[in-house]
Amino acid sequence: MTPRQRLATKIGAGALALAVPLIAHFEGTVFRTYRDPIGILTSCTGHTGPELMMGQTWTQEQCDQQLYGDLMKHAPALDCVQRPMTNGQRAAFLSFAFNVGNGNFCKSTLVRKANAGDMPGACAELSRWTLAGGKELPGLVRRRAAERAMCEGKTP
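For the sequence shown, counting from 1, position 134 maps to 167 in this note's numbering; every step adds exactly one.
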């Protein structure tokens, strides 16, 4: 089973079909190691990790492997939501967890609201997460708006 197939089994093919283009759009894909807007070494489609060094280059296949590996690491965060979710909600929450980390996702007010049955309130929480390095980033504002629209079942 490919990493994509394993991920589709874990989160659902419909959610995966929504999540991958959303994440790829906002992360972008860069075939070399670079520093993100707050200085974190990053490669490909938002991949970070201790193995990265400046000067590395990557192929499309390697970037795809990194992306699906990273998504598999973040898919368990969705288990923190104990209520049924639509594909759009699963995709938006996976994108959010990919960006902020599983711990931040699971401890968030978003998850508390979702588990209390307030899914509209949970979706609205996405709009609050627009800071990185203590500064509001326009890219995060746009990303959160798209995640929220997807979460709410609207076209981003």
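Backbone N, C-alpha and C fix where the C-beta goes; we use that ideal spot for every residue, glycine too.
Next on the checklist: Does E169 come out as helix, strand or coil in the three-state DSSP assignment?
Outcome noted: Look at E169 here: in three-state DSSP terms it is strand.
Next on the checklist: Going by DSSP in three states, L85 sits in which element: helix, strand or coil?
Outcome noted: For L85, the three-state secondary structure derived from DSSP is coil.
Item to check | Where T35 falls, given that 16 or more other Cβ within 10 Å makes a residue buried | outcome: Per the 10 Å Cβ criterion, exposed.
Checklist entry - In or out: I56 buried (at least 16 other Cβ within 10 Å) or exposed? => result It counts as buried.
Item to check | Contact set for S128: own chain, Cβ-Cβ below 7 Å, skip 5 residues either direction | outcome: A52, L55, I56, E180, listed in sequence order.
Checklist entry - If you count every other CB in all the chains shown that lies within 10 Å of the CB of R68, and 16 or more means buried, which is it? => result Answer is exposed; the Cβ neighbour count stays below 16.
Checklist entry - Contact check, M105 vs L40 under 8 Å by CB: the rounded distance? => result The Cβ separation is near 6 Å, so the contact holds.
Item to check | Which residues DSSP lists as bridging H80, in chain order | outcome: According to DSSP, H80 bridges with S76.
Checklist entry - Mind checking whether Q93 and F131 have CB atoms under 9 Å apart? => result No. Outside cutoff.
Checklist entry - From T66 to G134, what does the alpha carbon distance come to, in whole angstroms? => result About 20 Å.
Item to check | Bridge partners - T90, DSSP secondary structure assignment | outcome: Its beta-bridge partners are R65.
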